[in-house]
Amino acid sequence: MQLLEANKKWSCDGTFNVSLFDQLWIVFVRLAHSYVAVVFCLLNRRLQFSYEFVLKQLLVLRPNLSPTSVAVDFKNLSLMLSSLPEGGNPSLIFHFQQLIIRNVSEKGSKSLHDSNEDFRREVNLGPAFAFVPSHDVVEAFMELRIS
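The sequence shown begins at 1 in our numbering and counts up one residue at a time.
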């Protein structure tokens, strides 16, 4: 827990079906040039509630936890933004953006992404929608398309 509190760069990831539980969810901290696993959670279900519970318990144990960046799977981005102090940090978006770019490549649009500035701009703006309330997404998308 001391490492978790002392280090401001975290990463969270899960491994499935490696134990009697549904998921082994791990919180890592950045030390020097690598990440070290510091929290191991055995979860019965892959539900947002489970992740929220873990984060809330960490904050109970160490109320001063305040990471400056957390790399997470894009499915857990909104969870991190809502569960951590100050609503998390925009640097959480990095991992999400990397997943989008990987998906663009896997769908056969890598050359378009590399050669077309407008397409690349639109793809790179995609992660910003994680910060837009769901009822405003369509309007925000239209504003970005016009600009």
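Beta carbons are placed, not taken as given, at the ideal position from N, Cα and C, and that holds for glycine.
Short CB-CB distance (under 8 Å) between residue i and chain B
| i | result |
| --- | --- |
| residue 63 | Here there is only one protein chain, and chain B is not present. |
Residue(s) in a DSSP beta bridge with residue i
| i | result |
| --- | --- |
| residue 27 | 12, 39 |
| residue 71 | 11 |
| residue 34 | 31 |
Cβ neighbours of residue i in the same chain (closer than 8 Å, five flanking residues each side left out)
| i | result |
| --- | --- |
| residue 4 | 10, 27, 29, 38, 39, 58, 62, 65 |
| residue 137 | 129 |
| residue 106 | none |
Proximal residues to residue i (C-beta, below 7 Å), its chain only, five neighbours per side dropped
| i | result |
| --- | --- |
| residue 45 | 22 |
| residue 121 | none |
| residue 104 | 110, 113, 123 |
Beta-carbon separation (whole angstroms), residue i vs residue j, contact threshold 8 Å
| i | j | result |
| --- | --- | --- |
| residue 24 | residue 42 | 6 Å |
| residue 119 | residue 112 | 5 Å |
Proximity to residue i [Cα-Cα], best of the options
| i | options | result |
| --- | --- | --- |
| residue 31 | 2, 16, 113, 108 | 2 |
| residue 102 | 115, 123, 116 | 123 |
| residue 51 | 140, 14, 35 | 14 |
| residue 127 | 144, 116, 115, 33 | 144 |
| residue 36 | 97, 134, 6 | 6 |
Beta-carbon contacts of residue i that lie in its chain and below 6 Å, excluding the five residues immediately before and after
| i | result |
| --- | --- |
| residue 54 | 41 |
| residue 18 | 24 |
| residue 132 | 140 |
| residue 16 | 23 |
field: Start-end ranges of the alpha helix (DSSP H) lying completely within the stretch 88-147, minimum 4 residues
entry: 93-106, 110-115, 117-125, 137-146
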